[in-house]
Amino acid sequence: MTGFVFAVANQKGGVGKSTTSVHIGSALVEMGHTVVVVDGDPQNTVVQWGGGGEDGVEDGENIVASPEGGLKFMVANLAAAGKNIHREIKKYADNFEFVIVDCPPSVGDPVPASTLLVSDIVVMPTSSSPTDFWSSKGFVHMVEQAQVTNETLKPVWLLNKIEEKRMLTKSIKKAVEATGIPMLQTSVANRECYKQAAALGVSCFDMTDKGSKAAAAEFRMVTAELLAMLHE
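Numbering (our numbering) for the sequence shown: 922 to 1153.
Here is the structure:
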């Protein structure tokens, strides 16, 4: 396995895992890297985002969407791989510099645990909602269990859908720090452009409005931090 694997995972749904996966992938492509984003969630958000559900090319039991429209990377549908997804991820990591895995929001689903076995970094998005963060504690335990087998796995929090001026955001930052897991310095703001990008089947890197440019700038910084983590 020659490529790097980034898992994007958390126990809570709606915290921006798919959006994060798409935009980290887009940032890496912009940097000149070869990228595949693996959709490990039965909801198939990334596949639908890229139009892979209709226009993909079958690759064995998987559907692989060509970057013919808006998304500039390959999308692999591996949601059905279950506890064996780590084996499929290894195959993609032999052919791509980066594999980004969008995991389902459940500690009961076998996909996150299997993915963590072969991941270099697990990015854990969480919003400024206390209930979103509280529900992440079970996933933190899963990460700790994975590190027993995968000793090089590096977990990191990503504060997503953030409104910096809210007092609640400051409280969440303190709670995140208390977990002992590092947090990316860059936070991702709550922006309408992500919904627009999904509707258009593109990333914010391909849009020209002010909000999209700011979103792309944030994810360039997020991705730069992740790359730095790889070499620490």
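Heads up, the beta-carbon is just placed ideally off N, CA and C, and yes, glycines get one too. Predicted model only: the values in this text are computed from it and were never measured.
What is the C-beta distance between residue i and residue j, in whole angstroms, given that I count them as a contact (C-beta under 8 Å)?
| i | j | result |
| --- | --- | --- |
| Glu1018 | Phe925 | 7 Å |
| Val929 | Asp1023 | 5 Å |
| Gly937 | Phe994 | The pair is not a contact, with the Cβ atoms about 18 Å apart (cut-off 8 Å). |
| Leu1079 | Leu1105 | 5 Å |
| Val1077 | Met1150 | 7 Å |
| Pro899 | Lys933 | Nothing about residue 899 can be read from this structure; the chain reaches only from 922 to 1153. |
| Cys1125 | Ala1136 | 4 Å |
| Gly971 | Gly1122 | 6 Å |
| Gly961 | Ile1006 | 6 Å |
| Val950 | Val968 | At roughly 17 Å, the Cβ-Cβ gap does not stay under 8 Å, so Val950 and Val968 are not in contact. |
| Met1045 | Ser1035 | About 17 Å separates the two Cβ atoms, so there is no contact after all. |
Just tell me which of the options has its CA closest to the CA of residue i.
| i | options | result |
| --- | --- | --- |
| Thr941 | Lys1082, Glu1153, His1152, Lys1134 | Lys1082 |
| Gly1101 | Ser1027, Glu1065, Lys933, Gly953 | Glu1065 |
| Lys1131 | Gly1122, Cys1114, Phe1140 | Cys1114 |
| Lys957 | Leu1151, Lys1012, Met1063, Pro963 | In the sequence as displayed, the identity of residue 957 is Val instead of Lys. Comparing Cα positions, the closest option is Lys1012. |
| Glu1072 | Pro1046, Lys1094, Asp1041, Lys1058 | Asp1041 |
| Phe1140 | Lys1094, Asn998, Met952, Thr923 | Met952 |
| Thr1047 | Val1069, Val1039, Val1097, Asp1015 | Val1097 |
| Leu999 | His1152, Asp1015, Thr966 | Thr966 |
| Ala948 | Glu1153, His1152, Leu1147 | Leu1147 |
When DSSP labels each residue in this structure, what does residue i get in the three-state scheme?
| i | result |
| --- | --- |
| Met1128 | coil |
| Asn1005 | helix |
| Phe927 | strand |
| Gly972 | coil |
| Met1104 | strand |
| Ala1014 | helix |
| Ala1110 | strand |
In terms of residues, what are the limits of the alpha helix (DSSP H) holding residue i?
| i | result |
| --- | --- |
| Leu1074 | Here Leu1074 belongs to no alpha helix (DSSP H), and DSSP marks it neither H nor E. |
| Pro1033 | 1031 to 1037 |
| Ala1118 | 1114 to 1121 |
| Ile1021 | Ile1021 -> not in any alpha helix (DSSP H); beta strand (DSSP E) instead, spanning 1019 to 1023. |
| Ser947 | 938 to 951 |
Between residue i and the ligand SAM, is there a pair consisting of the residue's CB and a ligand heavy atom that are separated by less than 8 Å?
| i | result |
| --- | --- |
| Ala1099 | Looking at this structure, you won't find the ligand SAM or any other ligand, since it has none at all. |
How would you write the range of the beta strand (DSSP E) that residue i sits in, first residue to last?
| i | result |
| --- | --- |
| Val1044 | 1042 to 1047 |
| Val957 | 956 to 960 |
| Val996 | 995 to 998 |
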